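The next block holds one structure in the form of structure tokens; read it before the comments.
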Amino acid sequence: MAATVVTIVTLLGATATAAPATHATLPQENVPTVAPVAHDALYDRLQSGALSEARYALERVRSLFHLSEVRDEYGAVSRPAPTDATLLMRDLALRLDSLSGDDRAAAEDLLARPTQGSNDPDGMGYATNEAAPRCSANVCVHYVTSTTDRTTAAYADKVLAVMDEVWVTEVDSFRWREPQSDSQARPNGGDGRFDVYLANVGAQDIYGYCTVDVGQNTYTRSTYCVLDNDFVEFPSPVEDGALRVTAAHEFNHAIQYAYDVTDDYWLMEATSTWIEDEVYDDVNDNYQYLVTGPLGSPEVPADSFIDFSSFGRDSGYQYGTFVWMRYLSEMFHSRDIVRRIWEEVDARTAGASSLYSLQGIAAALEEQGTGFSSSFADF
Numbered sequence: 004m005a006a007t008v009v010t011i012v013t014l015l016g017a018t019a020t021a022a023p024a025t026h027a028t029l030p031q032e033n034v035p036t037v038a039p040v041a042h043d044a045l046y047d048r049l050q051s052g053a054l055s056e057a058r059y060a061l062e063r064v065r066s067l068f069h070l071s072e073v074r075d076e077y078g079a080v081s082r083p084a085p086t087d088a089t090l091l092m093r094d095l096a097l098r099l100d101s102l103s104g105d106d107r108a109a110a111e112d113l114l115a116r117p118t119q120g121s122n123d124p125d126g127m128g129y130a131t132n133e134a135a136p137r138c139s140a141n142v143c144v145h146y147v148t149s150t151t152d153r154t155t156a157a158y159a160d161k162v163l164a165v166m167d168e169v170w171v172t173e174v175d176s177f178r179w180r181e182p183q184s185d186s187q188a189r190p191n192g193g194d195g196r197f198d199v200y201l202a203n204v205g206a207q208d209i210y211g212y213c214t215v216d217v218g219q220n221t222y223t224r225s226t227y228c229v230l231d232n233d234f235v236e237f238p239s240p241v242e243d244g245a246l247r248v249t250a251a252h253e254f255n256h257a258i259q260y261a262y263d264v265t266d267d268y269w270l271m272e273a274t275s276t277w278i279e280d281e282v283y284d285d286v287n288d289n290y291q292y293l294v295t296g297p298l299g300s301p302e303v304p305a306d307s308f309i310d311f312s313s314f315g316r317d318s319g320y321q322y323g324t325f326v327w328m329r330y331l332s333e334m335f336h337s338r339d340i341v342r343r344i345w346e347e348v349d350a351r352t353a354g355a356s357s358l359y360s361l362q363g364i365a366a367a368l369e370e371q372g373t374g375f376s377s378s379f380a381d382f
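Under the working numbering, the sequence shown has 26 at position 23, and the numbering climbs by one with no breaks.
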């Protein structure tokens, strides 16, 4: 364990300082590296330079929805873990300006909202007109009543009630920043409220995902979410358990993108997995990841991202790292410490000079009168 502490502490480094800039522009050179998924034919092409990071990100997202087509073109390509959908789509969105022509059009199709229909042929586009959205003060749920994406108004109302509960808990009670308004996005679901689309993503084993709207080039971005239209593919011992924890998890990603869309993958997943149990303590879906994280593999640095495609005992390690967030909240008798980490890495005003994950944790711990090294060693 001591070696792990040394590994992580050496990553903290010095923090750069710069004059803050409101909603700072994200230069392409500051875009983080693509998510480390499978070591397959796509990865080999990326490593050899045959694929740029932007093209790699495009093909990796395509493999979520059209794996056979990607394999026909590239050979032995692994299907990404369905849980990676949100971060893979983030990788693509951050590189959109590096694509042109047919590649740019294909990327925009994948990132399009389902209501863009035929403009979203490679993603989850509705093949029919949507029903009247079910809306509250903060959230609108969009759905259709025919085709494979169909659901009912009653189910849409159920999802809306869950999303409202998640919003009230994470934003109003836990005092996290609300997702960035999409009022300037085109399309934006009708207004600036947060949009959730119901679609048959369960057919791809995807519970749901959130992604950013196109046309943005800042460190913080507006988002929308897509959730499965019935969750019948994901039975839960707790009523609506899969729906509830997916909503809590993915909504937290939307919140994170209002702090810093470029921050580390592991922190994003550790935090979203942690907050599932904070919002819905009776579901405990995240307990399945305990064995894959620091409890099962204490020799692995806690800021690791290990994709499920590795099939090792620590595959999906970043999800099991939620226990570190749980430890911090219990050590300080308050879940506020996890929110403070995200406030420390906030790039809304600091841009490139903002802290990254481990630096943010260190800063939040210093506020509590303790140091990173001792706290992590205790953990």
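Note that the Cβ used here is the ideal one computed from N, Cα and C, for glycine as well. Just so you know, these numbers come straight off a predicted model, no measurement behind them.
Item: Buried/exposed call for F375, threshold 16 Cβ in 10 Å; Value: buried
Item: CB contact flag (A38, L67, <8 Å); Value: no
Item: Beta-carbon proximity check, V264 vs T223, cutoff 8 Å; Value: yes
Item: Reference E281; option with closest CA among E133, M328, S186; Value: M328
Item: Rounded C-alpha distance that separates A366 from E347; Value: 7 Å
Item: Boundaries of the beta strand (DSSP E) in which H145 is found, first to last residue; Value: 142 to 145
Item: Check: N33 C-beta below 7 Å from any heavy atom of the ligand GTP; Value: You won't find the ligand GTP in this model; it holds no ligand whatsoever.
Item: Exposed unless 16 or more other CB atoms sit within 10 angstroms - verdict on V215; Value: buried
Item: Collapsed DSSP secondary structure at T199 in the structure displayed; Value: Reading off the sequence shown, one finds Val at residue 199, where the question assumed Thr. Three-state result, V199: strand.
Item: Whole runs of the alpha helix (DSSP H) within the segment 194 to 280, excluding any shorter than 4 residues; Value: 244 to 259
Item: Beta-carbon spacing of D185, S225 below 8 Å; Value: yes
Item: C-alpha distance - G315 paired with D208, whole-angstrom precision; Value: 20 Å
Item: Whether T249 touches G211 by CB criterion (8 Å); Value: yes
Item: Contiguous alpha helix (DSSP H) assignments of at least 4 residues, all confined to the segment 306 to 341; Value: 320 to 323, 325 to 334
Item: According to DSSP, residues forming a beta bridge with T28; Value: T221
Item: Nearest candidate by alpha-carbon position, reference D339, set A41, H42, Q371; Value: Q371
Item: Span separating the alpha-carbon of G120 from that of A261; Value: 27 Å
Item: Residue burial classification, S378 (beta-carbon count within 10 angstroms, cutoff 16); Value: buried
Item: The segment 187 to 197 / the segment 287 to 300 touching (three or more Cβ pairs under 8 Å); Value: no
Item: Beta-carbon proximity check, V204 vs V165, cutoff 8 Å; Value: no
Item: Rounded distance between the beta-carbons of D43 and S71, thought under 8 Å; Value: Going by Cβ atoms, the distance from S71 to D43 rounds to 14 Å, so no, they are not a contact pair.
Item: Three CB pairs or more closer than 8 Å across the segment 146 to 166 and the segment 267 to 280; Value: no
Item: Backbone secondary structure at S376 - three-state DSSP; Value: helix
Item: Straight-line gap, E333 to E279 (C-alpha atoms, nearest Å); Value: 16 Å
Item: Cα-Cα separation between V142 and E302, rounded to whole angstroms; Value: 42 Å
Item: Reference V144, options T131, A130, D152, D160, closest by Cα; Value: D160
Item: Three-state secondary structure assigned by DSSP to R153; Value: strand
Item: Beta-carbon separation (whole angstroms), E62 vs Y77, contact threshold 8 Å; Value: 7 Å
Item: Ordered list of alpha helix (DSSP H) runs contained in the segment 153 to 186, each at least 4 residues; Value: 156 to 170
Item: Cα-Cα separation, N132 to G193; Value: 14 Å
Item: Beta carbon of V286 nearer than 8 Å to that of G244; Value: yes
Item: Nearest-angstrom Cα separation, counted from P85 out to L91; Value: 10 Å
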